[in-house]
């Protein structure tokens with residue numbers, strides 16, 4: 333019994349000692365430590381003399397470049413590569429650091445950063461109600477704070493925001509409007525031909541650019557074998573930056589600098605890997621994916637799905653060239669263009685789908701024969717009639733006429749679930765499918 337009492341007394345003393353050690357492990361309370369961290373982070377943000385270069389990776393994909401300059405009065409001035417205006421004109425808004433379980437950097441008035449999160453899809457081309465799934469409140473974690481860089485994580489959509497200290501030359505270049513000069517690279521989307529190429533040294537690269545997703549694909553030939561590089565891209569005061577470098581033997585391309593636009597020739601000039609080049613048009617792919625056409629046609633048959641396009645055909649530099657988005661039919665509003673392979677045993681379905689009474693409706697359509705797949709990779713469509721009471725003229729008819737262009741189309745797979753169908757006649761007409 334005495335031994336048991338002594339044991340219990342020893343156990344109580346031991347537990348009390350452990351508890352006292354826990355209390356004295358930190359000299360300050362958790363709140364005091366958190367406030368000290370907030371003060372330290374604000375000091376670091378403010379005392380970077382030339383501000384911070386920034387890259388944000390929204391939760392919805394893509395990459396966007398910024399430049400921030402924070403001051404001690406909770407104001408931040410920024411540039412953004414989202415548009416020509418935001419690249420050339422600085423915008424001031426407010427920020428604050430707040431303790432929310434972890435230190436949080438909040439951009440608390442509408443700024444260029446908020447454009448990416450705007451729920452109005454017309455503002456940023458994103459998803460209605462969600463925008464580009466970006467953030468304007470970011471958690472700061474101690475192990476991601478370095479002397480020259482800070483990595484933050486969005487509190488809602490887990491966007492990643494990477495800040496890197498800017499140099500004096502970089503800050504001056506942003507102030508001079510050079511971010512807008514880098515964005516001239518987007519002018520390659522103004523070329524009438526779909527295919528664009530640039531030769532750097534002795535290597536010719538085909539460039540496929542998607543400004544809406546901020547992705548670039550570059551294709552080249554190693555002998556007769558096609559090589560493909562894909563990366564996100566964003567703009568800086570120096571030009572175009574790739575999220576990951578293209579490594580091709582002795583050439584390493586981190587992006588393009590010295591971006592120029594020759595309005596008379598309608599051509600973009602660049603420097604990549606220290607080599608100058610001019611982006612020129614081409615009428616066919618550098619390397620044709622011979623199986624792409626049949627793959628595009630076969631996939632919906634196997635999955636029970638279809639292909640859809642919002643804008644219809646792009647022709648001679650004009651999006652929605654036939655104004656198909658303006659279509660209405662008996663009070664029904666246009667929704668999208670559909671192509672459904674294997675709609676019937678002998679023909680497919682092509683044409684506009686309308687929205688009426690909260691439902692998608694096929695009011696009329698066109699019936700292409702099962703297409704021909706040429707040995708050179710082209711797909712060729714032939715007219716087999718119409719479905720329903722199709723009009724004799726108008727956007728839908730002009731769209732169908734172009735589908736039946738005798739030269740056919742090359743299919744370019746732009747992602748795991750999207751294709752561009754490009755005219756084999758001159759590459760000046762194409763339609764994007766998803």
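Residue numbers (our numbering): 333 to 766.
We treat Cβ as the ideally placed atom computed from N, Cα and C, and that holds for glycine.
Residue 715 sits in a strand when the DSSP states are folded into three classes.
If you ignore the 5 residues before and after residue 369, its C-beta comes within less than 6 Å of the C-beta of 435, all in its own chain and listed in chain order. Inclusion of residue 736 and residue 756 in the CB contact set at 7 Å is not warranted, their separation being larger than that value. If you draw a straight line from the Cα of residue 671 to the Cα of residue 631, it comes to about 12 Å. Excluding the 5 residues flanking it on each side, residue 589 has same chain C-beta neighbours closer than 7 Å at 570, 571, 603, in chain order.
Here residue 444 carries a helix assignment [DSSP, helix/strand/coil]. Note that the C-beta distance between residue 578 and residue 561 is below 7 Å. For residue 549, the enclosing beta strand (DSSP E) starts and ends at 547-554. The C-beta distance from residue 664 to residue 687 rounds to 6 Å, short enough to meet the 8 Å contact threshold.
DSSP places residue 473 in the strand class (E or B) of the three-state scheme. In this structure, residue 684 lies near residue 659, with their beta-carbon atoms less than 7 Å apart. Nearest Cα to residue 596 within the set 522, 393, 392, 636: 522. Counting along the chain, the unbroken beta strand (DSSP E) around residue 538 starts and ends at 535-542. Annotated three-state conformation of residue 620 is coil, per DSSP.
Annotation for residue 376: the continuous alpha helix (DSSP H) segment containing it runs 362-378.
Taking a 10 Å sphere around the C-beta of residue 528, we find 16 or more other C-beta atoms and assign the residue as buried.
When secondary structure is reduced to three states using DSSP, residue 483 falls in the strand class.
Counting only runs of 3+ residues, the beta strand (DSSP E) found wholly inside the segment 591-659 occupies 599-604, 607-614, 639-641, 645-647, in chain order.
Per DSSP, the continuous alpha helix (DSSP H) segment holding residue 734 begins and ends at 727-735.
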